[in-house]
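Numbering (this note's numbering), first residue to last: -14 to 235.
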């Protein structure tokens, strides 16, 4: 009897110790992430064109002439939400409200429906576009498939899961990637055309890389870009604004 109790105790303590190691490993993993650099931090300041508010999510609102279309953005894995501030502020300067979703543990997979709160907090906006970078784009595509309020999808160095087939959905799609990206599987990024509407736009940014869609330094394993990340973000914002403008004219 004592031997059986001793065996059970050893099994229990072994399982408990393993759980402790797994939890510790997870928190060590998520505690290391890419932080916003100086350009992004400067873009968090309000000015005469765009009002910026941080309350969990980061909101960029046009000071005047705001259009009735909002853009929700899901950050890439282990990237601080504020790293995408230059991109968001540039879009907001053109009249579109932008909200960068702050994800639990900086991983969109833990907050896939974060857009629900953003949409419910802005009743004045009835047309929404959602987008995301890398893993954020995967989660954004899943959300777009399930929510009929979403009229547009923007993917930055990203592609939907194979089960997320948008080919028959009445949604505009814009997919952008950098030619020097060594993090994303660019074959899968380009092959996603097969599960997208026929009018989806697929555009390569010449000289750009994976991390250049935000301002958070060089990402491990990424290729070297031949353009600045500011240039990549500005070019990206222009394409996104074109999509938003096309929706605004409908």
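By construction, the Cβ of each residue, glycine as well, lies at the ideal position given by its N, Cα and C atoms.
All values derive from a computational prediction rather than experimental measurement.
With the rule of 3 Cβ pairs closer than 8 Å, the stretch 164 to 184 counts as touching the stretch 139 to 147.
Linking residue 121 to residue 32 through their CA atoms gives a straight-line distance of about 28 Å.
In this chain, the alpha helix (DSSP H) harbouring residue 172 covers 171 to 176. Ranked by Cα distance from residue 45, the options 74, 18, 111 are led by 74. Within the same chain, Cβ atoms closer than 8 Å to the Cβ of residue 167 are found at 194, 195, 206, 207, 208, the five residues on either side in sequence being excluded. By the CB criterion at 8 Å, residue 185 and residue 162 fall outside the cutoff. Measuring C-alpha to C-alpha distances from residue 84 to each of 99, 95, 91, 90 identifies 99 as the nearest. Where residue 210 is concerned, there is no enclosing beta strand (DSSP E), because DSSP gives it neither an H nor an E. Ranked by how close their Cα comes to the Cα of residue 89, the residues 221, 112, 62, 220 have 62 in first place. Measuring C-alpha to C-alpha distances from residue 59 to each of 43, 49, 51, 48 identifies 43 as the nearest. In the three-state reduction of the DSSP assignment, residue 132 falls in the coil class. Bounds of any beta strand (DSSP E) do not take in residue 32, whose DSSP letter is neither H nor E. Taking C-beta atoms as the reference points, residue 116 and residue 232 fail to come closer than 8 Å.
Taking 8 Å as the upper bound for CB-CB distance, residue 114 and residue 229 are in contact here, some 6 Å apart.
Residue 200 carries a coil assignment under DSSP once its states are collapsed to helix, strand and coil. Annotated three-state conformation of residue 24 is helix, per DSSP.
Residue 130 holds the alpha-carbon nearest to the alpha-carbon of residue 156 among 130, 79, 170. Exclusion of the five residues before and after residue 80 leaves 47, 50, 51, 52 as the residues of its chain whose Cβ lies within less than 8 Å of its Cβ. In this structure, residue 21 sits away from residue 96, with a CB-CB distance that is not shorter than 8 Å.
The Cβ atoms of residue 78 and residue 34 sit closer than 8 Å to each other. The beta carbon of residue 152 lies closer than 7 Å to those of 180, 181, 182 in the same chain, with the five residues before and after it left out. Counting C-beta atoms within 10 angstroms of its own C-beta, residue 223 has fewer than 16 neighbours from the protein chains shown and is therefore classed as exposed.
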